[in-house]
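*Asks:* Sending over a structure as C-alpha cells; questions will come in a sec.
Numbering (our numbering), first residue to last: 2 to 90.
Now the structure itself:
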C-alpha cells in the first residue's frame, strides 16, 4: 500500500474496517424495521456482498464436526452418505 501512497498502519486499517462494519450493521438494522425509510451507508453494496449475502460458492471440502468426518464435494471425492447427514450442501 505504501508504494501507492497509502500511509496507514495495521491499527488504522483495523479501526476503519470496524467502523465500516458497524455502519453496515446499523444500516441493516434500520432497514429491517417496518415503516422506516430505506437507508444506506458508504460502500453498502460492496459490504453487503462481503458481510450480508448468502454464500456465492460451494465449499470444496465439507467437514461434519459432529461425526468428525469430511469429504470433498467436488471431483467425486464425497460419497452419497455425506449428503444425508446434514453437512454442507
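For every residue, glycine included, the Cβ atom is placed at its ideal position computed from N, Cα and C.
As the structure is a prediction and not an experimental result, all values here were calculated from the model.
Would you call residue 28 buried or exposed, if buried means 16 or more other Cβ atoms sit within 10 Å of its Cβ?
*Replies:* buried
*Asks:* Quick check: the region 8 to 18 against the region 29 to 44, are there 3 or more CB pairs under 8 Å?
*Replies:* Contact between the region 8 to 18 and the region 29 to 44 is absent: fewer than 3 CB-CB pairs across the two stretches fall below 8 Å.
*Asks:* Note down, in chain order, each residue of its chain lying with its Cβ closer than 6 Å to the Cβ of residue 24, except the 5 sequence neighbours on either side.
*Replies:* Correct list, in chain order: 42.
*Asks:* Between the C-alpha atoms of residue 52 and residue 44, what's the straight-line distance to the nearest angstrom?
*Replies:* 12 Å
*Asks:* Run through DSSP, which three-state label would residue 63 get?
*Replies:* strand
*Asks:* Could you check the C-alpha separation between residue 9 and residue 63 for me, to the nearest Å?
*Replies:* Between the alpha carbons of residue 9 and residue 63 lies a distance of about 37 Å.
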